[in-house]
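Quick note, the sequence shown lines up with residues 1 to 105 if you use UniProt numbering.
Note that beta-carbon positions come from the ideal geometry of N, C-alpha and C, so glycine has one too.
A short write-up of the structure that comes next.
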Amino acid sequence: MRIYWTIKSIPELSGLPREVRKKNYNEALRSLKTHRAFWAGGLVYIAVLLSVSYLLEMLYTGDKSGPWSFLRLIIATIPASLIWTQINIHLLRKHYKSLLSRQAE
1 MRIYWTIKSI PELSGLPREV RKKNYNEALR SLKTHRAFWA GGLVYIAVLL SVSYLLEMLY
61 TGDKSGPWSF LRLIIATIPA SLIWTQINIH LLRKHYKSLL SRQAE
């Protein structure tokens, strides 16, 4: 599975001007919120976030107050966000042609 780091790296959106690309991406993402897979991806996000956070808590034996809590949150959020974004882009690509045809009407 290919990882899409930016909106411009999505093949269906890569040839569009920046404003149109962003508008189409946001509209497609809004329409995905009615799909169960979108919300399942949200549950995966939460599960990964909690799992990584718990793992970091178990691995780090030092002082767990102050900046550690914030740093742990940042470290746990990065992989969780990447996974959820990739799930959303996969769903978006599956439904993008039908979304474009609806916009044309």
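Secondary structure of residue i, DSSP reduced to three states
i, result
"W39", "helix"
"residue 108", "This structure gives no information on residue 108, because the portion of the chain shown stretches from 1 to 105."
"E57", "helix"
"R72", "helix"
Alpha carbon of residue i to alpha carbon of residue j, nearest angstrom
i, j, result
"G41", "Y25", "17 Å"
"F70", "W84", "21 Å"
Endpoints, the alpha helix (DSSP H) within which residue i is located
i, result
"Y25", "18-32"
Supposed contact pair residue j and residue i - C-beta distance, whole angstroms, cut 8 Å
i, j, result
"A28", "L99", "5 Å"
"A76", "Y45", "The pair is not a contact, with the Cβ atoms about 11 Å apart (cut-off 8 Å)."
message: Taking contact to mean 3 or more Cβ pairs, one atom from each stretch, closer than 8 Å, check whether the segment 88-95 and the segment 56-63 are in contact.
response: no
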